[in-house]
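K.L.:
The opening residue of the sequence shown carries number 0 in numbering that gives the first Met the number 0; numbering runs sequentially from there. C-beta atoms are modelled at their ideal positions from N, C-alpha and C, and glycine is treated no differently.
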Amino acid sequence: MKGRLRFAGVRKVYRWRGTRVRNESVKGAVLGSWWRRRRPTAEQHVALDGIDLEIDRGEAVALIGPNGSGKSTLLKLAGGILQPTEGTVEVEGRVTALIELGAGFHPEITGRENVLFNGMLLGLDRREIEARLPEILEFAEIGDFIDQPVKTYSSGMYVRLGFAVAVAVEPDVLLIDEVLSVGDEAFTRRCLARLARMRQAGVTMVLVSHDLDLVETFADRAVYLKAGRLRSQGPVGSVIARYRGDVAGVPDQPVEDREASPRVDGRSRRWGSNEVEIVSLDLVTGAGATRLVPTGTPCHLRIGYRALREVDDFVVGVAWHRPDGTLVTGHNTDLDGLRPNVLDGEGALRCSYDALDLAPGDYLVDVAVHARDGKAYDYWCDALRIRVTSEVEWPGVWTPSHHWEWDGELFE
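Below, the structure written as structure tokens:
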């Protein structure tokens, strides 16, 4: 299946020569070459050890961990830039790596010529590249500089053109290594909007980032690496909490306790009688569950529940708000005129939106099940963090579909 990655027993070792020592005698100078042959001439660094990991088509997986933990090495193995010392790496489909944007550009030739050469290196033929050139130029926004040598480009122009070429090849797998932190705010916003559309198209993505807020909204699953070993993998919130706990020196929570609590992370607030438990909250689009979504996308919130007894007095509600606490909207089944029957066992219900007409930015979603008199069965604040993307920044929180009309020739 295109877009699938598999690492089995992967070990990567870097070797380098040890430091040379000055000959301390005439005898040492004469016998130096013989002596060096008998001494160990190389040291090694184990960058990855015993990595077993599978990533399915369409998943967005984030690699997190401290510097030197092996994240970038794992990404380069997936991209074929490096080969494993032991084990196997299988990647199905066309791969594009956003690791060092523009690293393959030749400084003495023009941007246009570099686009053609790099596109062919990424697997396109000349006709395909030329057909996509207008889209590449529109995204890169470098104007007439496209016909100038790239050595005349600013760092921002260099990065924009590199990103535009990389995403234009329509890969099955996209590898991203901290490139979203190298541009200005407008560039980052447009990159996220493009990546969100690619996610909707089912592109598999692997992200390396130290921006844990970005990881929380970008990824479906997180993988925590430490000293070259896979320390934890699973739901984004729990893996981030494990990483933050290690950084803070907090002892590990027992596995059974972590599995018993479905909280996204330690920052969420939750209370209730637990007669009804919310077991999951997901934002779902046509491409599946996601936390990164373009504005205007049709979607629904899927609320998974478990009732520990039959409950015939219940209301289910959600509330959207900004991280600064600004309430965006809230709705529940009671306000919408729905009268309950019986809640029993396990199940799910959905709150659907014809279009998510929100301005770009981060949003937090609260979810609750409570009695009509307000008694909370399970009230979960900040249960889900979502990032809405757009290539254009909008003020406020609402981006309704709209158009302009005018008399005369006011605009072209």
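1. Taking all protein chains shown into account, decide if residue 119 is buried (16 or more other Cβ within 10 angstroms of its Cβ) or exposed.
2. With DSSP as the reference, label residue 71 as helix, strand or coil.
3. Say whether chain B places a C-beta atom closer than 8 Å to the C-beta of residue 300.
4. Taking the straight line between their C-alpha atoms, what separation do you get for residue 270 and residue 157?
5. Following the continuous beta strand (DSSP E) through residue 233, name the residue where it begins and the one where it ends.
6. If residue 322 and residue 192 are in contact, beta carbons under 8 Å, what's the gap, nearest whole angstrom?
7. Roughly how many whole angstroms lie between the Cα atoms of residue 48 and residue 343?
8. Buried or exposed: which applies to residue 238, given that a residue is buried once 16 or more other Cβ atoms fall within 10 Å of its Cβ?
9. Flag this pair as yes or no: are the beta carbons of residue 387 and residue 218 separated by less than 8 Å?
10. Rounded to whole angstroms, what's the CA-CA distance from residue 56 to residue 287? Just pull it up for me.
11. What residue range does the alpha helix (DSSP H) around residue 166 cover?
12. Hey, how far is the Cα of residue 220 from the Cα of residue 147?
13. Where does residue 106 land, buried or exposed, given buried means 16+ other C-beta within 10 angstroms?
14. Beta-carbon separation of residue 277 and residue 368 under 8 Å?
15. Is it buried or exposed for residue 260, if we count other Cβ within 10 angstroms and need 16 for buried?
16. Runs of 3 residues minimum, wholly inside the region 294 to 352: which ones carry the beta strand (DSSP E) assignment?
17. Below 8 Å on the Cβ atoms is my guess for residue 354 versus residue 301; work out the distance and round it to an integer in Å.
18. Which residue spans inside the region 80 to 133 form an unbroken beta strand (DSSP E) run of at least 3?
19. Count the CB pairs spanning the region 390 to 403 and the region 303 to 311 that are closer than 8 Å, and state whether there are at least three.
20. Could you pull the DSSP bridge partners for residue 6 from this structure?
21. Got a sec? Which residues, its chain only, sit under 6 Å from residue 171 by beta carbon, not counting five neighbours each side?
22. The alpha helix (DSSP H) spanning residue 61 covers which residue range?
23. Spatial neighbours of residue 141 within its chain, please: CB distance less than 8 Å, with the 5 preceding and 5 following residues excluded, ordered by chain position.
P.N.:
This is what the structure holds:
1. Within the sequence shown, residue 119 is the residue found at index 120, counting from 1. With fewer than 16 other Cβ atoms within 10 Å, it is exposed.
2. Here the question's residue 71 lines up with position 72 in the sequence shown. Helix, per DSSP.
3. Absence of chain B from the displayed structure is noted, only one protein chain being present.
4. Numbered from 1 along the sequence shown, position 271 holds the residue referred to as residue 270. Numbered from 1 along the sequence shown, position 158 holds the residue referred to as residue 157. C-alpha separation (whole angstroms): 50 Å.
5. Within the sequence shown, the letter at position 234 stands for residue 233. Element bounds for residue 233: 228 to 234.
6. Position 323 of the sequence shown, counting from 1, holds the residue named residue 322. Position 193 of the sequence shown, counting from 1, holds the residue named residue 192. Not quite, the Cβ-Cβ distance comes to about 19 Å (not below 8 Å), so this is no contact.
7. By one-based count along the sequence shown, residue 48 stands at place 49. By one-based count along the sequence shown, residue 343 stands at place 344. C-alpha separation (whole angstroms): 47 Å.
8. Residue mapping note: residue 238 aligns to position 239 of the sequence shown, counting from 1. The residue is buried, with at least 16 neighbouring Cβ atoms inside 10 Å.
9. Taking the sequence shown and counting its residues from 1, one reaches residue 387 at position 388. Taking the sequence shown and counting its residues from 1, one reaches residue 218 at position 219. Not a contact, by the Cβ cut-off of 8 Å.
10. Walking along the sequence shown from the start, residue 56 turns up at place 57. Walking along the sequence shown from the start, residue 287 turns up at place 288. Taking the straight line joining both Cα atoms gives about 11 Å.
11. Position 167 of the sequence shown, counted from the start, is the residue given in the question as residue 166. Element bounds for residue 166: 154 to 167.
12. For this step, residue 220 is matched to residue 221 along the sequence shown. For this step, residue 147 is matched to residue 148 along the sequence shown. Looking at the two C-alpha atoms, the distance is approximately 42 Å.
13. Counting from one through the sequence shown, the residue named residue 106 turns up at place 107. It counts as exposed.
14. As a first step, residue 277 must be located in the sequence shown, where it is residue number 278. As a first step, residue 368 must be located in the sequence shown, where it is residue number 369. Going by C-beta atoms, residue 277 is nearer than 8 Å to residue 368.
15. Taking the first residue of the sequence shown as 1, we reach residue 260 at position 261. In this prediction, residue 260 has a pLDDT of 40, which is less than 50 and means its spatial position is unreliable; nothing more can be read from the coordinates.
16. 298 to 310, 314 to 320, 326 to 331 and 342 to 352
17. Mapped onto the sequence shown, residue 354 falls at position 355. Mapped onto the sequence shown, residue 301 falls at position 302. Incorrect: roughly 17 Å between the Cβ atoms, too far for contact.
18. 85 to 90 and 94 to 97
19. no
20. In the sequence shown, residue 6 corresponds to position 7, counting from 1. Answer by DSSP bridge pairing, in chain order: 52 and 88.
21. Within the sequence shown, residue 171 is the residue found at index 172, counting from 1. Same-chain partners within the cutoff: 1, 2, 92 and 93.
22. In the sequence shown, counting from the first residue as 1, residue 61 sits at position 62. Careful: residue 61 lies outside any alpha helix (DSSP H), inside the beta strand (DSSP E) at 59 to 63.
23. As a working mapping, residue 141 is identified with position 142 in the sequence shown. Around residue 141: 110, 152, 156, 159 and 160.
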